[in-house]
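Participant: First the structure, which I've put down as structure tokens, then a few questions once you've had a look.
In our numbering, the protein residues as written are 736 to 1133.
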């Protein structure tokens, strides 16, 4: 299906591949739902196929590590270091600011519409929708034509706030499952530091170890195998020791990408390694966005919640503006920002499959169906509207 949709997009629509594939899949889902009223067997078989795919498991446990590593390989540590303060502040403080702003607005919106949803669950929603998705961001930024320094800010932030966001989400989820009466600020902070800090440290060890192994040989086949082992075993080990797998893989990818370009890799090895991970990135991205489009078939539609989803698009964008504007305001006396950086960073903060996967991992008793639908509406708007207009916005604000 991905191959067919990619071909149609390339021949007829000519949008960025990820957006084109997702939109075709989305329309195919709607068409299947309509055809289901006339020929029920078509709809039921399609529904069975999609419902048998555990989207959360496929993305969080399998695809995410490959996609993050492929993206991190392209990030130069030297360039990232120049933008370290904006990236760090937006990825940490920005994620927390957005989480709380979105959760408070969602809570009062639900109250206004007489929907009884506890604040802890709204906080969970704020955590899952706040991280910008590096998979969506990097796939679309390649063709947006924005300044390199701004691209590093957006890419670096999206990579790291992805890891931070997953840790925040899992921490809040644990509190929600165990009950707020057992909540302890000290224990929660310790858990967060262990997962995030441990993930960063583990990733550094992983990246340098792999770099030393690759440096000692000159065989591109073995070097590609080593990078695969880093991604698959490293992510699984981080998960086993309750460390942040996404952060570990991002750090390992940046170290290997930067060190590999400067030392340790021959020209032929660098070429093969680069092409292998570029192709892996493209294939997994295409399949992921197909799955996002097909998820439409299994999401329970509720008109009231769809209205909430429409309003939350604006709320999430305003929260995104706040979590960008505050760090920029704080840092502008020391760091030079590009013209209209706040607008570009706000509009370039796309939400993607990661938010959908986290929403699907919420237990059903915690209003999963409502939050999945709201998340899906925000993600579809983000990828289609923001994704297709970011390039034009960059040209207008240049």
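Note that CB positions come from ideal geometry on N, CA and C, so glycine has one too.
Pairs of beta-carbons, one from the stretch 1065-1074 and one from the stretch 832-844, closer than 8 angstroms: are there three or more?
Facilitator: No: fewer than three Cβ pairs fall under 8 angstroms.
Participant: Do the stretch 920-933 and the stretch 1016-1033 meet, that is, are 3 or more Cβ pairs less than 8 angstroms apart?
Facilitator: Too few Cβ pairs lie closer than 8 angstroms, so no.
Participant: Go through its chain and collect everything with a Cβ distance to residue 969's Cβ below 8 angstroms, but skip five positions before and after it.
Facilitator: For residue 969, where only same-chain residues beyond five positions count, the Cβ hits under 8 angstroms are 800, 937, 938, 941, 980, 983, 984 and 987.
Participant: Taking the runs of the alpha helix (DSSP H) that are 4 residues or longer, which of them lie wholly in the stretch 1038-1107?
Facilitator: You should have 1038-1066, 1076-1082 and 1088-1095.
Participant: Would you kindly work out how many angstroms separate the C-alpha atoms of residue 957 and residue 1013, rounded to a whole number?
Facilitator: Spanning the two alpha carbons is a distance of roughly 18 angstroms.
Participant: Just how far apart, CA to CA, sit residue 755 and residue 1092?
Facilitator: Roughly 20 angstroms between the two C-alpha positions.
Participant: Taking residue 1016 as the reference, give the member of 803, 972, 862 and 897 with the closest Cα.
Facilitator: It is 803.
Participant: With a threshold of 8 angstroms, are at least 3 pairs of Cβ atoms found where one atom belongs to the stretch 1083-1099 and the other to the stretch 1024-1038?
Facilitator: The answer is yes - the stretch 1024-1038 touches the stretch 1083-1099, with three or more Cβ pairs under 8 angstroms.
Participant: May I have the straight-line CA-CA distance separating residue 811 from residue 959, to the nearest angstrom?
Facilitator: Whole-angstrom Cα-Cα distance: 19 angstroms.
Participant: Under a three-way DSSP split, which group does residue 853 fall into?
Facilitator: Note: residue 853 maps to coil in three-state DSSP.
Participant: Residue 871: which of 953, 1108 and 751 sits nearest, CA to CA?
Facilitator: Of the listed residues, the one whose Cα sits closest to residue 871 is 751.
Participant: Note down the Cα distance separating residue 910 from residue 1104, rounded to an integer number of angstroms.
Facilitator: If you take the alpha carbons of residue 910 and residue 1104, they lie about 20 angstroms apart.
Participant: Under 7 angstroms Cβ to Cβ from residue 961, same chain only, skipping five residues before and after it: list those, please.
Facilitator: Here the set comprises 945, 948 and 949.
Participant: Would you kindly work out how many angstroms separate the C-alpha atoms of residue 1066 and residue 895, rounded to a whole number?
Facilitator: Whole-angstrom Cα-Cα distance: 19 angstroms.
Participant: Pop quiz: residue 761 and residue 1115 are said to be a contact at Cβ under 8 angstroms. What is the actual Cβ separation, rounded to whole angstroms?
Facilitator: Correct: roughly 7 angstroms between the Cβ atoms.
Participant: Going by DSSP in three states, residue 974 sits in which element: helix, strand or coil?
Facilitator: Note: residue 974 maps to helix in three-state DSSP.
Participant: Nearest by alpha-carbon distance to residue 1089: which of 864, 1038 and 837 is it?
Facilitator: It is 864.
Participant: Please state if the CB of residue 1058 and the CB of residue 833 are separated by a distance shorter than 7 angstroms.
Facilitator: Cβ distance < 7 angstroms, so residue 833 and residue 1058 count as in contact.
Participant: Would you tell me roughly how many angstroms separate the C-alpha atoms of residue 860 and residue 1050, rounded to the nearest one?
Facilitator: Each residue's Cα considered, the two are about 13 angstroms apart.
Participant: Please state whether DSSP places residue 810 in a helix, a strand or coil.
Facilitator: Residue 810: coil per DSSP, three-state reduction.
Participant: In chain order, which alpha helix (DSSP H) runs of at least 4 residues are fully inside the stretch 742-802?
Facilitator: For the stretch 742-802, whole alpha helix (DSSP H) runs of length 4 or above, ordered along the chain, are 752-773 and 775-786.
Participant: Hey, would you say residue 927 sits closer than 7 angstroms to residue 757, going by beta carbons?
Facilitator: No.
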